[in-house]
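A.B. asks: My structure is below; once you've seen it, I'll send some questions.
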Amino acid sequence: MDDKARIEQWFTTYGSDIHHFLVYYTGRSQAEDLVQEVFVKALKGSRKYQGRANPKTWLISIARRVAIDEYRKRRRSRLLPLRLLGERKASEATPEDLAIHRQDIADVYRTVMKLKRTYRDVLLLRIMQQLSTTETAEVLGWTTAQVDVTLHRAIRKARSIHGALEGGVKHAETIKRR
């Protein structure tokens with residue numbers, strides 16, 4: 002199979018995953034241009050792909066670099082919040098459910114945005130993209146141990162920040178003293 006056909010097949014297979022990754026990573030709901038850029042870069046670099054990594058992992062690595070480049074261009078740091086468990090279809094949700102859901106998303110977003118980039122990266126890849134520790138390590142260029150430790154620290158820090166947001170100033174001051 003030639004490079005162009007392989008990339009077309011990967012686009013069909015992984016295009017949606019790459020799009021979702023870029024939407025969550027960049028905070029832009031219109032990420033089609035970035036998806037296109039990922040697959041153009043994949044086509045240009047397809048000779049470098051040696052088959053050692055899963056194609057999806059390789060493409061997410063490219064997508065991550067594209068997103069970082071986009072961030073640098075726009076000088077903004079935006080991530081959509083982590084997916085909340087138990088989401089319902091919009092048609093099943095009551096207006097109260099939707100209002101609570103929007104507030105929960107806003108809370109999670111505020112929490113995630115307070116994390117440093119490495120914590121956000123590992124949370125996004127492990128939780129949102131549901132990549133394995135090994136795949137996440139490949140995307141980030143880390144060891145699996147570093148992924149596990151960073152994920153643990155990110156979750157602990159997110160809980161601490163979320164508690165401070167929930168508990169107000171007094172709770173935040175207590176956390177800072179610890």
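Note that our numbering gives residue 116 to position 115 of the sequence shown, counting from 1, and the numbers run on in steps of one. Every residue, glycine too, gets a C-beta built ideally from N, C-alpha and C.
May I have the straight-line CA-CA distance separating Arg-154 from Asp-108, to the nearest angstrom?
C.D. replies: So the two alpha carbons sit approximately 19 Å from each other.
A.B. asks: Is the beta carbon of Ala-64 closer than 8 Å to that of Val-41?
C.D. replies: In this structure, Ala-64 does not lie closer than 8 Å to Val-41 by Cβ.
A.B. asks: Near Glu-71, what residues of its chain come up, given a Cβ to Cβ distance below 7 Å and the 5 sequence neighbours on each side ignored?
C.D. replies: For Glu-71, where only same-chain residues beyond five positions count, the Cβ hits under 7 Å are Thr-27 and Leu-35.
A.B. asks: How is Ser-92 classed by DSSP in three states: helix, strand or coil?
C.D. replies: Bear in mind that a pLDDT of 49 at Ser-92, under 50, signals an unreliable position, so the model cannot answer this.
A.B. asks: Work out the CA separation of Gly-164 and Glu-139 for me, nearest whole Å.
C.D. replies: The straight-line gap from Cα to Cα measures roughly 32 Å.
A.B. asks: Quick one: give me the first and last residue of the alpha helix (DSSP H) that Arg-118 is part of.
C.D. replies: Run containing Arg-118: 118-124, per the alpha helix (DSSP H) assignment.
A.B. asks: Given a cut-off of 8 Å, decide if Asp-122 and Thr-134 are closer than it, judged by their beta-carbon atoms.
C.D. replies: No. Outside cutoff.
A.B. asks: Please look up how many angstroms separate the CB atoms of Leu-60 and Asp-4, rounded, as I've assumed it's under 8 Å.
C.D. replies: Contact doesn't hold; Cβ gap of about 14 Å is too wide.
A.B. asks: Considering only residues of the same chain and omitting the five flanking positions on each side of Arg-48, which have a CB-CB separation below 6 Å?
C.D. replies: Closer than 6 Å at Cβ, skipping near neighbours: no residue.
A.B. asks: Could you say which of Gln-147, Arg-157 and Arg-7 lies nearest to Gln-51 if we only look at CA atoms?
C.D. replies: If we check each option's Cα against that of Gln-51, Arg-7 comes out closest.
A.B. asks: Return the residue from the list Leu-141, Trp-143, Met-129 and Val-113 that minimises the CA-CA distance to Arg-157.
C.D. replies: If we check each option's Cα against that of Arg-157, Val-113 comes out closest.
A.B. asks: Grouping DSSP H, G and I as helix and E and B as strand, with all else coil, what is Ala-1?
C.D. replies: Nothing can be reported for residue 1: it is not among the residues displayed for the chain, which extend from 2 to 179.
A.B. asks: Which first and last residues belong to the alpha helix (DSSP H) in which Leu-132 is found?
C.D. replies: That residue, Leu-132, is in no alpha helix (DSSP H); it is neither H nor E in DSSP.
A.B. asks: Could you please give the first and the last residue of the uninterrupted alpha helix (DSSP H) stretch that includes Asp-3?
C.D. replies: Where Asp-3 is concerned, there is no enclosing alpha helix (DSSP H), given that its DSSP letter is neither H nor E.
A.B. asks: Measure the alpha-carbon distance for Gln-31 versus Lys-117 and round it to whole angstroms.
C.D. replies: Straight-line Cα distance between these residues: approximately 24 Å.
A.B. asks: Tell me the DSSP secondary structure of Trp-59 in three-state form.
C.D. replies: DSSP places Trp-59 in helix when its eight states are reduced to three.
A.B. asks: Less than 8 Å separating the beta-carbons of Tyr-236 and Pro-56?
C.D. replies: Residue coverage of the chain in this structure runs from 2 to 179, which leaves residue 236 outside it and unanswerable.
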